[in-house]
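Asks:
Residue numbers (the numbering used here), protein chains in the order written: chain A, 1 to 591; chain B, 1 to 591.
1. Report back the beta-carbon spacing between residue 154 of chain A and residue 113 of chain A to the nearest angstrom; my notes put them in contact at under 8 Å.
2. Taking Cβ positions, are residue 249 of chain A and residue 218 of chain A nearer each other than 8 Å?
3. Using 10 angstroms around the beta-carbon of residue 405 of chain B, count the other beta-carbons present and answer buried if the total reaches 16, otherwise exposed.
4. If we define contact as Cβ-Cβ less than 8 Å, is residue 530 of chain B a contact residue for chain A?
5. Show which residues of chain B have a CB atom less than 7 Å away from the CB atom of residue 461 of chain A.
6. Is it buried or exposed, residue 388 of chain B, if we count other Cβ atoms within 10 angstroms and call 16 or more buried?
7. Roughly how many angstroms separate the alpha carbons of residue 84 of chain A and residue 529 of chain B, rounded to a whole number?
8. Are the C-beta atoms of residue 418 of chain B and some chain A residue less than 8 Å apart?
9. Between which two residues does the alpha helix (DSSP H) harbouring residue 37 of chain B extend?
10. Can you list the residues of chain B that residue 457 of chain A reaches, using a CB-CB cut of under 8 Å?
11. According to DSSP, is residue 491 of chain A part of a helix, a strand, or is it coil?
12. Quick one: using the 10 Å Cβ neighbour count with 16 as the cut-off for buried, is residue 105 of chain B buried or exposed?
13. Our contact map puts residue 318 of chain A next to residue 540 of chain A with C-beta atoms below 8 Å; I'd like the distance itself, whole angstroms only.
14. Residue 454 of chain A CB to nearest chain B CB: under 8 Å?
15. Straight-line CA distance for residue 385 of chain B to residue 331 of chain B?
16. If the cut is a Cβ gap below 7 Å, which residues of chain A does residue 87 of chain B touch?
17. So with Cβ pairs under 8 Å, would you call residue 294 of chain A a contact of chain B?
18. Check the Cβ of residue 554 of chain A against every Cβ in chain B and list those closer than 9 Å, keeping chain order.
19. Could one say the Cβ of residue 493 of chain B lies closer than 8 Å to chain A's Cβ atoms, at least one of them?
20. Closer than 8 Å, CB to CB, is residue 511 of chain A near chain B or not?
21. I want to see whether chain B comes within less than 8 Å of residue 165 of chain A, judged by CB atoms only; does it?
22. With residue 9 of chain A as the anchor, note down where its alpha helix (DSSP H) starts and where it stops.
23. Starting from residue 131 of chain B, find everything on chain A with Cβ-Cβ shorter than 7 Å and list it in chain order.
24. Let me make sure I understand the geometry here. Which of B:329, B:354, B:352 and B:374 has the alpha-carbon closest to that of residue 342 of chain B?
25. Return yes when the Cβ of residue 211 of chain B is within less than 8 Å of the Cβ of residue 160 of chain B, no when it is not.
26. Considering only the beta carbon of each residue, do residue 498 of chain B and residue 471 of chain B sit closer than 8 Å?
27. Is it the case that the CB of residue 435 of chain B approaches a heavy atom of the ligand ZN more closely than 7 Å?
28. Tell me the DSSP bridge mates of residue 189 of chain A?
29. With a threshold of 8 Å between beta-carbons, can residue 514 of chain B be considered close to chain A, or not?
30. Please name the residues in the region 261-282 of chain A whose beta-carbon is closer than 7 Å to at least one beta-carbon of chain B, in chain order.
31. So, under 8 Å CB-CB, residue 167 of chain B and residue 357 of chain B are touching, yes? Tell me the CB distance rounded to an integer number of Å.
32. If you follow the beta strand (DSSP E) that residue 412 of chain B is in, where does it begin and where does it stop?
33. Under three-state DSSP, which class holds residue 241 of chain A?
34. Which runs of the alpha helix (DSSP H), 4 residues or longer, sit entirely within the region 81-143 of chain B?
35. Decide if residue 590 of chain B is buried, meaning its Cβ has at least 16 other Cβ atoms within 10 Å, or exposed.
36. For the candidate residues B:476, B:369 and B:290, whose alpha-carbon lies nearest to that of residue 361 of chain B?
Structure follows, in C-alpha cells:
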C-alpha cells in the first residue's frame, strides 16, 4: 500500500466518525522516544523515520511537524506521500495545536489514540481548543485496521543487573521513592516510562532498539510494588530476587484494570510520562497528584558506583574510537569504504570491549553533505563512498553494562577549505566554552546552552538543535529532566548529572560539523559568592587539531584542548598497543 | 508607635479573625513597583524601604521575604522590629507560599488585602495551599485601623503628551488594542497597570515618585474607552482631546461598580497586572480571558519617534554626567562632599537640561562599602564623606519629556587596589559581552543574562540581581515584559526594545561595582542561519579606563571599550564647552 493509499483510508475512517483532524504522535504507551516496531506509526503512515514528529491529518491537509534536525530528511522522505513538512520553531513544542486552532471550525472533532498521547499533551490540546468548543476523541487508532502484519509487542527477555553495577539495590531505591510519595501525600505511584522503571528495579531488556529497557508498567504503594510485564520475560531467579525486595509481578495488560480498581486515596503521576488513556482509568474518587516522577530526578543524579563505572566505560569506548580513527585514516586511501561499511567497522571495535551490549543509538556516519543532516542515518541507497577529501562526521555511542556513551567527532579526509576550518574552530570554541564553564548552583541548562552558542553567534552562525541532553547509565542515551537547550526549562543542573555538550554548524549541501563530549557535573568551589559547579569531561576521544584555526581561539581554549587531548592519551595509554599509542600521541600533540 | 507595637496590633486583629497568616505584599491596586505613600505598607509595618518584599506574619513569626539586592539593607532596617529576614533565592518568586505550606495546619486561614495582590498571585496561593484546605481571606487590610494619618491617594495633575513626543496618537493605539481584543474574542479589556494606561492614552502624571504616571484604571470595549481617574486631575483641554479620540472620563472609584455591572460577554485581563479584588467583581456570567496586556507588549517596542527622542535624551543625560564627573574629580580633593551632597549636584546638572522632569529612581550614590548594597539609598544618617580614595558607585537616571535614562558608573577616588581593578575589569568584560552580543531572533533575556555573567562566573564570582530590565519611554524605569535575568521567562527579545545591561560584583564591607548601559535591540543581519539581532548602545557616558586591567580582557573587549568611549566624545562634543570636552577627550583616550 502506498502512503497515499494509507492516507485515503485514514481519511475515510475520519470521515465516517465525523473527525476533523487526526493527530498521530511519535510515541508509545510509555511515552518513549525510541519506539518498538509496533509503534513506528509515522514511518508506517508517511515513511518518515526521524525520532521526533507529529502528523496532523485533515480532509484537506496532511502535515508532518518536526524540528530542524530533520528538515532535510523529512523533505526527502515526504516526497510524493501526500504529506507536507511543517517546520517546528522549537523542538518538542506542539505548535500544531496553534495551527489547529487557527484552521478548525467551532465544535469540530479532534481525534488521537490516547495511548500515544501523554496526559499533559492531551490536557494542553483540550485547553487550547477549549475556546473553539472542540470535541476531543481520545480512543481512535485508525492505523490498526489498515496496518497489515503490524508487529506484535516485543517479547525479549528482561534481566536484573547486579548491585555492584547499579550501585544501589531495589529496596533502598523503593525507600527513597516512598519517602517522596509520603511527602507528596500520595498513596500510589504509577510509572509508565521505561527508563524510570528500569532504574528503579535494576532491570534491563532489549524490547527497544538501542535502549536497554523492557516494556512494563509499575504501581507502587506504601506496602506493595508491582511490575506489570509479560510474565515469560522474567527468569525465575530474577523473580525471586524481586520478590525478596518486596516486588511482585503481574501481566503487562493488567495495569489498566488494576489502576481502575483503586477506589480511594491519592495517586502520583507524571503528566509528561504517562499516557492519557491510563490516566482516564483513574476513578474520580482518587485524587491525582501531578509532578515529575521521583525516579526521573533520582536517576539523573548518578551514584558513585555509576560514576566510577562510567569513567571505566569511557576508556573502553575511547579505545574503540582510537582504533577506528587510526584504521580509517589508513584505509581511506584504499577506497571501497562507505558510510555504512565504516560504521560496521566501528561497531566491531566496540564489540571487542568487555561489557558492550549494543549501540546506544543508530550511528550517524555522515560524509560531506550528509553531515549537514544532524540525525542522518545512512541507508543502502544513500550510503556514499568515502574519498580522501572532505569532512566526515561520526556521531555514535555504545551501551555497556557499566554505562552509556555518545560522542561526535569530525575529521577531514583531505583538502580542508578555510570555511570548513573556520566552522570547525567555532564549533570547537563553543564546545570548549560549555565544557569549561564554571557556574553557580542553581544554573539551568538554558544558561549553559547560551554560553556554548556564544562564539558561534558571534559570527552570525547557529545550529537548530539543543546543545545537550541528559544521558542514562546503561540506559537511554536521552534522559531527563535536565537538558541544555534554548527553552525556558527550569531544571537546575545538579552534581552527578551526565549531559552531552554538542554544538554544531551545518552547511546544507556541503558538510556538517558537530563536536560532542559527555560531561559530569561536579562541585567546584564554595566562596563568598556562593557554591560553584563545573564539568568533568567523561568522553575520552582525541579531538582532531588539524582543522583548528588557532587565531580564532583564545589561549584558554588552546590550553583546554591540549590538556584534554593529553588526558585522552594518559587514560587510554594502558589499553593500546604501541602502534595505536604512537598514532594517538601524534594526534594529541599540543598546538 | 514602634514596629513591635504595630505588629502586636496586627496579631490581635488576626487573632480576632482566626487568621493564621497575614501576607503584606509591596504593591498597590495597580500592581506597581514604585508606590504612592499611601501604599508603603512594608515601610509602615517594619521600616523596610526596599522596592520589593513581602511580609508574612503569624502568631509566632514575622518574616520579610526579599532578594539579594536588599539583604544588607533589610538586615539593618529589621533590627529590633520583631521581623526576621528570609532570603529569597530568586527575585520576585513567592517562596513564602512554600514556607506557609510547610508550617501551617490543615484548614487554617491565610489573609491579605485583595487590592494589593495580583490575580495571578492570589490564584497561586490558593492552588498551592489547596492540599491543606486553606481558607483564603482576601479582604483584610489590618494596617488601615492602626495607620494614624495614613496618606490619602495622591491627587497630582495629569497631562497629555504631544503626538510629536509620543510618536503615535491615542486613536491609532486604540485601534491596535481593539484588533488584539478581537483576535482574542474579548469584548472588554480592563487595564490597571499605570504605565500601560499612560502609554495607551499618552497621559502622564506625578502621583508616584520617579514614575511619571497617574493613578487610574481603564476599561476598553470595541466602541468605548473610559479612564477612571480623579476628575479634578485632568485639564479641560486634555479632556476634550481625549473625547475627540473617543475616550471618556469617570471617577477613579467607579471602576469597581462598572466592572461589576458588566453582565455578559468576555473580558481580557492581565493576571499579573490586575489586582485580585477587581477580578472578584467580574460576574460569573462574563468569560475571563487572561494574558499579558496588549499595551505591555506594544509599549515595549519603541516607535521611531520614541527611539530618535531617546537618542537625543541620552545626549542630554550624557552631558549632565560628564559635567558631574568632571566636577567630582576636581572637587573631591577639597573635602566636604558627601553621598547626598554630590547626588544633589548631579540633579542640578540634569535640571539644566531641557525637558528634564525629575529623577527616574532614587539616585544610588554609594561610596566604598555602601556600593556593596545594590539598591543603597543614602540617608542623612548613612551619608558618608567622600575622600580621595576608594571606589564610588553612581547609579542614577532622569525622566525627560523625550525619554527615560538609567546609568551606572564606578570610579576610583584614589589608591585603587588590585582586587578593585580585577573586579572592575571582570564586570566591564561581562557588560561588554552582553552589549556586543549578536543573537538569533527568538533569543530570550535569560540567554543574554548568561552571556553577560560568563566572564564573572569564570572567576567564581557572581551577582545576586538580574542583568537588566526593560526601560520605558518617559515612563517607568522598570517595565516588562522583557527582562534579562536567570529566570525561565519565555519572552523573546524584539527589535525596538530598550533594556539595561548592568552586571556587578559586590564585596560586603568593602565596595560594590556595577557598570550599566541602556541598549536598544536592533536588527543586525539575515543569512543562511536565520535572522540575527544586536544591541545599539544608547547611554552616552564615558567608561573610566583607569581601573581596567587590560590583561584580563581580550582585544575585542578593548576595541569595544575604545570605540564606545570615542562615540561618547563624538556625540557629546557639540554640547560641551572646551574645558569639558578636553576633560572628556582625555578620559576617553584609547587604552
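All C-beta atoms, glycine included, are put in the ideal place defined by N, C-alpha and C.
Replies: In this structure, then:
1. Residue 154 of chain A to residue 113 of chain A, Cβ: 19 Å. No contact.
2. no
3. buried
4. yes
5. 529
6. exposed
7. 22 Å
8. no
9. No alpha helix (DSSP H) contains residue 37 of chain B, which DSSP labels as neither H nor E.
10. 437, 438, 439, 440 and 532
11. coil
12. exposed
13. 3 Å
14. yes
15. 12 Å
16. By Cβ distance, chain A contributes nothing, its closest Cβ being about 12 Å from residue 87 of chain B, past 7 Å.
17. no
18. 554
19. no
20. no
21. no
22. 3-17
23. 185
24. B:329
25. no
26. yes
27. Here there are no bound small molecules, and the ligand ZN is not part of this structure.
28. A:220 and A:268
29. no
30. none
31. About 18 Å separates the two Cβ atoms, so there is no contact after all.
32. 407-412
33. helix
34. 96-103 and 119-128
35. exposed
36. B:476
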